[in-house]
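Colleague:
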Amino acid sequence: MQFVNPFKGPGQWYKGNAHSHSTVSDGRLTIEERFAQFQEAGYGFLVLTDHGHVSDVSSYDVPGEFLAISGSELHPKNPYGGSTYHIVAIDIHEPIDTADLHPSGVIEKIREQGGEAILCHPYWCGHTIIDLMPLHGYIGVEVYNATCVGIGKGVSESHWDELLDKIGPTFGFAVDDCHGTEHDVHRGWIHVKSEKLELPAIMDALRRGAFYSSMGPEIHDLDISEVEVTTREGDKGKATRLHIHCSPAVSIAFKGCRSTGRNYGAHNGELLTEAEHIARGSERYIRIEITDPTGKKAWTNPLWL
Ligand SMILES: [Zn+2]
Ligand SMILES: [Zn+2]
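In this text, residue positions in the sequence shown follow this note's numbering: the first is 827, and each later residue adds one.
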């Protein structure tokens, strides 16, 4: 699972939300109302993920304009002492009985149906690396979940970093997890770069990490190139130069493994619209976080060095 720089790839951007609920489980809108709410707001796709249910959503699909994706939120038991898992399944069509399955077995069942799994809101769940380490087969983790803001635990950045450090490549998803009508709607989403607004193309883009997450800030371009650097000892070596362009930001942070990386802040009230960072390899990976003046953030997927 390697990061493909979506800013240089072909296609166009489609805005989507990978986690939502309807009255089929504990959401307040019907399936029809939920899809209309996202289609009317200009989204390219929405995944319906009712707890333990899979609904046929094909009638909400508008070819070329709006993609309705069926999914589910599954809750396998936690054999490691922590709370029950919340795992979002994207693009599954049959319900999965989680009762006697290890969480990785549930993920395997999701993939057998051609779908993909995302670990949901680990901060809200109270999950630590003890709960997350034994799991495998998922493509990402929710870095931001709008409904979890209700208890002040919407952002799971350090859980994501721990997975990147201890496990390896994992993509970050911002989602609404909308249950209500307003407070958890259109707050977190992904921008996916795809050549077509069709299920196989969108799923392929998700698997390649060809997307970024946002609560509002926009990323316009990311340039990645190899440059020659001179070490402190005077030796010549290769490094990776990352140059990002974005909507006005108070900070642009290039985060690497553990104590590596760098945060670039605005000076004298002048907001940043670009930043450049040279990564020399000890970072292992770099993911970029943009923060706008209202505190809203955007997150790129990690680039492995
Ligand atoms: Zn959940
Ligand atoms: Zn949910």
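Glycine included, each C-beta is placed from N, C-alpha and C at the ideal position.
What three-state label does DSSP hand P1074 in the structure shown?
Modeller: If you number the sequence shown from 1, residue 1074 lands on position 248. Reduced to three states, the DSSP call for P1074 is strand.
Colleague: Might you give, ordered along the chain, the residues of its own chain that have their beta carbon closer than 7 Å to the beta carbon of A844, omitting 5 neighbours on each side?
Modeller: Counted from its first residue, the sequence shown places residue 844 at position 18. Excluding sequence neighbours, A844 sits near V873, V914, I916, I944, F999, V1001, I1016.
Colleague: Under the three-state reduction of DSSP, which class applies to S1051: helix, strand or coil?
Modeller: Within the sequence shown, the letter at position 225 stands for residue 1051. Strand at S1051.
Colleague: On the three-pair Cβ rule with 8 Å, is the segment 950-958 touching the segment 1086-1094?
Modeller: They do not touch, by the three-pair rule.
Colleague: Considering only the alpha carbon of each residue, which of I1112, E858, N831 lies closest to D991?
Modeller: Numbered from 1 along the sequence shown, position 165 holds the residue referred to as residue 991. Nearest of I1112, E858, N831 to D991, Cα basis: I1112.
Colleague: Answer with buried or exposed for G1107, where buried requires no fewer than 16 other C-beta atoms within 10 angstroms of its C-beta.
Modeller: The residue given as residue 1107 occupies position 281 in the sequence shown. The residue in question, G1107, is exposed, as its Cβ has fewer than 16 Cβ neighbours within 10 Å.
Colleague: Within 6 Å: the Cβ of H847 and any heavy atom of ligand 1?
Modeller: If you number the sequence shown from 1, residue 847 lands on position 21. Not under cutoff, so the answer is no.
Colleague: Here's the rule I'm using: 16 or more other beta-carbon atoms within 10 Å means buried, otherwise exposed. How should R860 be labelled?
Modeller: Position 34 of the sequence shown holds residue 860. Looking at its Cβ environment, which holds 16 or more other Cβ atoms inside 10 Å, R860 is buried.
Colleague: Would you give the residue range spanned by the beta strand (DSSP E) that K1123 belongs to?
Modeller: Here the question's residue 1123 lines up with position 297 in the sequence shown. 1123-1125 is the extent of the beta strand (DSSP E) around K1123.
Colleague: Applying the criterion that 16 or more other CB atoms from any shown protein chain within 10 Å of the CB defines a buried residue, is K1081 buried or exposed?
Modeller: Reading the sequence shown from its first residue, position 255 is the one you call residue 1081. Answer is buried; the Cβ neighbour count reaches 16.
Colleague: Below 6 Å, is the gap between the Cβ of H912 and the nearest heavy atom of ligand 1?
Modeller: Translated into positions along the sequence shown, residue 912 becomes position 86. Yes, the beta carbon of H912 sits closer than 6 Å to at least one heavy atom of ligand 1.
Colleague: Rounded to whole angstroms, how far is the Cβ of G870 from the Cβ of S851, which I believe are closer than 8 Å?
Modeller: By 1-based counting over the sequence shown, the position of residue 870 is 44. By 1-based counting over the sequence shown, the position of residue 851 is 25. Actually they do not touch by this definition, with Cβ atoms about 24 Å apart.
Colleague: So for H985, helix, strand or coil by DSSP?
Modeller: Position 159 of the sequence shown, counting from 1, holds the residue named residue 985. DSSP places H985 in helix when its eight states are reduced to three.
Colleague: Considering only residues of the same chain and omitting the five flanking positions on each side of V1011, which have a CB-CB separation below 8 Å?
Modeller: Along the sequence shown, read from residue 1 onward, the residue named residue 1011 stands at position 185. For V1011, where only same-chain residues beyond five positions count, the Cβ hits under 8 Å are Q863, A972, D1002, C1004.
Colleague: Within 6 Å: the Cβ of E968 and any heavy atom of ligand 2?
Modeller: On the sequence shown, residue 968 is found 142 positions in, with the first residue counted as 1. No, Cβ of E968 sits at least 6 Å from all heavy atoms of ligand 2.
Colleague: May I ask you to list the residues that DSSP assigns as paired with H877?
Modeller: Residue numbering aside, residue 877 sits at position 51 when the sequence shown is read from its first letter. Bridge partners of H877: E899.
Colleague: Mind listing, in chain order, the residues whose beta carbon lies closer than 5 Å to a non-hydrogen atom of ligand 2?
Modeller: Here the list is E899, D1003.
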